[in-house]
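Protein chains in written order, with our numbering: chain A, 529 to 1334; chain B, 1075 to 1237; chain C, 50 to 333.
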């Protein structure tokens, strides 16, 4: 040992492994404008495809005349449903067991629906040609309200399903009904509600919104007729599944299809589904033999691809006089739009909505969800959410507030007395989940102390007195939330997408000189996988994260995985990564034993090396071992050093958090100012604190937008009123609040490194925090429930309805 | 298709002569003709700023400029701000302070911040937020972007003071 | 979003610009910063055969500040307007309002002339110019004429400007007293839910003169003589403000949109005007 020998602490720091706020490797190219997004792809002879879209929400397509468009120089093809029908590609299966028109087949069911696909030599000619396609429509009555859709005399939307009384998720009781999905003990819940001392009842609406990543959806399909190989680059959050679906639909063998997700400019759930644009681009490439690009514009994106939420949640919650919750009942009317294209695991048509008992020990509960067709865009994707967890968290966190009003209790205290206690984990919820770990009381107390909750309440009371005395027109609202998420689908026995089990994967290959490449079945859309997964590997195998390349998204090279959404990358692929690292280490131990001429059992792992127990000066680093794996003939051991792991999680993980928003509200203009936002997250083991903090800032900003103004709104005849970023609210740096982040750390007991996933927590938790702040401000005047978004006029309306405008 | 016209542009110090329809949007000219795919297309209605470039000393949204209007203009894109061997201060501080995630808004964001700091070398946080309000980010919540820009400003000021 | 094809013209002086307009009639449109027109063209809600770009017309540039009047060339951008210190001293409400228009990138290219001439009720400058009693110079084949801002707006996108005329300059009397431009909007980049421009002078503790104009509360900007009259000669207290608000409400005609229903807009218009009056009075 001399001064040049790094200390153990230095060796740990050099790894940049778990817990390191390592700077992101992705940023080097992104900050120089050298990302490679789908619209950056340019190929010789590439054509551009674009859609003729329906201006009507419900109409019969009487005729389509594309002669003038076809005659325009530069137009290569105009595809309609009639052209796709012989290939049986005019309809496609959805992720939810329904089917969706690729191009209008006889009628259109929502504004912006794809009617014809124009293929031209460039996007300018395609745009001109779209104007030349003459479509004759015969307007039909429009239904935008899911309750009206279930009226006996409501127009039949899905004529293709007329008379079919059973769908993918059981019986349909009406021509516009999709399914009724139920869980829990209905009778026992009713009984508990009937016997309860206090019952609070409320309808909570989580409005329709949209993930709206800054990059829209798109793809480039290239059929190489010489080699029979189809390559599709696209904005895919699940590239491997896209390959399988493409193979099943096209009949091209899966090995002849290569799907690549290049850099993705944000996904947030928007890029999970399969859209008509992908199908049409592939067909057009097969037909023309040329690469075909399709990239939607922002209006297309907001009108046609993947809305989120739109849940009408009718709740009843009961408690003792002291505030101990005794039962929860929830019925949801779920507006799925024209086709059921929800992105949920197959067996869960309402996703994981039944996490709606939240952070509370509720002895008995029931949930029923009715899915309904309307003349609105299809979707129902998880917008930075693990399959309807956002809706569930919003529902329970609103119901808690309403119950607090009913009981005349402080909402923070009501939460505290009902939290699942630390010693109850693993906890079986009344709706069938097994919560893995949690320490809610500790998190809650830390959060309340951090914001000086008592002081805030005193200030609020003072403000109220001043308001009543006419000295101010601004109220103070304190929005509380304690959310529990459920993320990381699998397990495979419960969760699949189109039959593909929801496992994930990692493959690690160590190079002779001690660097490595890892490939995963997931795909980053900004989460920083190339940075953080290298950190997991670094801690497992003792090579610096800086020496590890992480690749994702190319189905020709990466192991099969189900992709990135629902906060599943860290819980599932992260576990596969850790276990794959352990396989490498196991082989490395054998090599080290041979090199050190000791028995394997005489070795112990220490940071970046195997050392002889009791003689730490005798060691071989992973770098030494890697070299040996390639340059020495070791008896009984194959050359090389690589491994692959497929991980089927035994359970999901349950991240949680305590969020508090403090908001000033102007009762006259309906304007608000977020004075403080505190976010405590517990995502188990923290891989990269810097990245976690970034995720929280971003997710909370999405939540702020959703709660305070963002919506996909329709008028009564199905016109989208929020089709551009003038009207679809994305806050700028000016409106966005400042965030304070904090954490506790309760590892998942079943995850190899104890990590739980954090990407979606801030969206899940911040929406109720902001919304509860608005409600809380008006609680003294009798407000129980007012639906989001809380934009200026809706807040103004609350004040007016409560008589606060004099 | 409309009549094409001869247009000259100076982009990142290099003069280009092109024949294009006047309706061609500057963002398409940069991305598709000149291969400068740093500036991106986000909203197409001049709200998001992903397409921001510097034109004649002003930050502009290249999705809302016809190439004909840009005839004779001097344009700088993210590709012209720094090089792999000599990153612009902002390119470093954005990474240092985690001012980006998916990277899609980043070129426009940095290009805009570059002009902001030229005009106001010592901005307050409020001035940064106001001056960056023409650029939307869906990932970061802006907090670290603001931090990165303030850090770049103080670094640039310190360097200037030292010189 | 791709516009239809057009022919492009970039005249070097006003005479050539007018010549092109005469030659092509209603097929021609002038373009300044283009941030109103280009999105409309991209959405194919506006179709233009001949686009006449005014960027090289030197006559349309420049700001002059004289003792009693300032003049602003139509092609002066919002950013130039904001950064002009002499202008900010002479007519401070201009900078206050311009900073509330759109976002930095749009203000670099968006022009004062485009903002006033477009006839879009969402634009801020028309109401402001009415409040300031500005005069617009229109030049057509028959020569120049001057039109008061208060007589310029006829309806949605319908103004006094004939198709073959170009709005070249804006003359604004230097105002004394207090000013305020108050605007409520949903976010940066949005048009006003309601905006109010107020000028007041004070004499002996009473309002000596007043001018009030409202934005985006009708299909034209609303210069409310009645609201101003309700203030003059009074102490600008709650009662006077209430009367001014009531008078203003009788003059506006807001429509429901994504920003809210009519009742909300009227209420906010009243609140915003009250605030603008209070602020202007505090500066008078």
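Note that CB positions come from ideal geometry on N, CA and C, so glycine has one too.
Closest by C-alpha distance to residue i, when choosing among the options
i: residue 1293/A; options: 690/A, 721/A, 1189/A; result: 1189/A
i: residue 54/C; options: 98/C, 86/C, 78/C; result: 98/C
i: residue 285/C; options: 199/C, 259/C, 308/C; result: 259/C
i: residue 1026/B; options: 1222/B, 1216/B, 1209/B; result: The first residue shown for chain B is 1075 and the last is 1237, placing residue 1026/B beyond what the model contains.
i: residue 204/C; options: 237/C, 169/C, 63/C, 216/C; result: 169/C
i: residue 80/C; options: 106/C, 302/C, 119/C; result: 106/C
i: residue 1178/A; options: 1110/A, 1239/A, 1104/A; result: 1104/A
i: residue 686/A; options: 581/A, 868/A, 1204/A, 968/A; result: 868/A
i: residue 1186/A; options: 1257/A, 1255/A, 598/A, 981/A; result: 981/A
i: residue 1244/A; options: 902/A, 622/A, 826/A; result: 902/A
i: residue 916/A; options: 1301/A, 897/A, 532/A; result: 897/A
Residue burial classification, residue i (beta-carbon count within 10 angstroms, cutoff 16)
i: residue 1198/B; result: exposed
i: residue 202/C; result: buried
i: residue 529/A; result: Here the model assigns residue 529/A a pLDDT of 46, short of 50, so the residue's position is not dependable, and the following value carries that caveat. Looking at its Cβ environment, which holds fewer than 16 other Cβ atoms inside 10 Å, residue 529/A is exposed.
i: residue 1021/A; result: exposed
i: residue 194/C; result: exposed
i: residue 1114/B; result: buried
i: residue 753/A; result: exposed
i: residue 1263/A; result: buried
i: residue 1159/B; result: exposed
CB-CB length for residue i against residue j, believed under 8 Å
i: residue 1069/A; j: residue 1113/A; result: 6 Å
i: residue 1176/A; j: residue 1027/A; result: Actually they are not in contact, since the Cβ atoms of residue 1176/A and residue 1027/A sit about 15 Å apart, beyond 8 Å.
i: residue 251/C; j: residue 226/C; result: 6 Å
i: residue 330/C; j: residue 179/C; result: Not a contact, Cβ separation roughly 20 Å.
i: residue 309/C; j: residue 242/C; result: 7 Å
Separation of residue j from residue i, as counted between CA atoms
i: residue 1180/A; j: residue 624/A; result: 21 Å
i: residue 1078/B; j: residue 1093/B; result: 6 Å
i: residue 1031/A; j: residue 1098/A; result: 12 Å
i: residue 946/A; j: residue 978/A; result: 21 Å
i: residue 993/A; j: residue 1192/A; result: 15 Å
i: residue 719/A; j: residue 712/A; result: 13 Å
i: residue 1253/A; j: residue 1120/A; result: 59 Å
i: residue 1158/A; j: residue 1116/A; result: 12 Å
i: residue 182/C; j: residue 1220/A; result: 55 Å
i: residue 1196/A; j: residue 233/C; result: 12 Å
i: residue 974/A; j: residue 721/A; result: 33 Å
i: residue 1187/B; j: residue 560/A; result: 14 Å
i: residue 765/A; j: residue 1109/B; result: 26 Å
i: residue 848/A; j: residue 698/A; result: 37 Å
CB contact check: residue i to chain E, cutoff 8 Å
i: residue 157/C; result: No chain E is part of this structure, whose protein chains are labelled A, B and C.
Residue i - containing beta strand (DSSP E), residue span
i: residue 180/C; result: Premise fails: residue 180/C lies in the alpha helix (DSSP H), 174-180, not in any beta strand (DSSP E).
i: residue 246/C; result: 243-252
i: residue 747/A; result: 746-752
i: residue 1184/A; result: 1184-1194
i: residue 593/A; result: 587-593
Span of the alpha helix (DSSP H) around residue i
i: residue 1034/A; result: No alpha helix (DSSP H) holds residue 1034/A; the beta strand (DSSP E) holding it covers 1032-1038.
i: residue 82/C; result: Element bounds for residue 82/C: n/a, residue is neither H nor E.
i: residue 808/A; result: 804-816
i: residue 237/C; result: Per DSSP, residue 237/C belongs to no alpha helix (DSSP H) and is neither H nor E.
i: residue 1204/B; result: 1199-1205
i: residue 759/A; result: Segment 757-762 is the beta strand (DSSP E) holding residue 759/A; no alpha helix (DSSP H) there.
i: residue 153/C; result: 153-158
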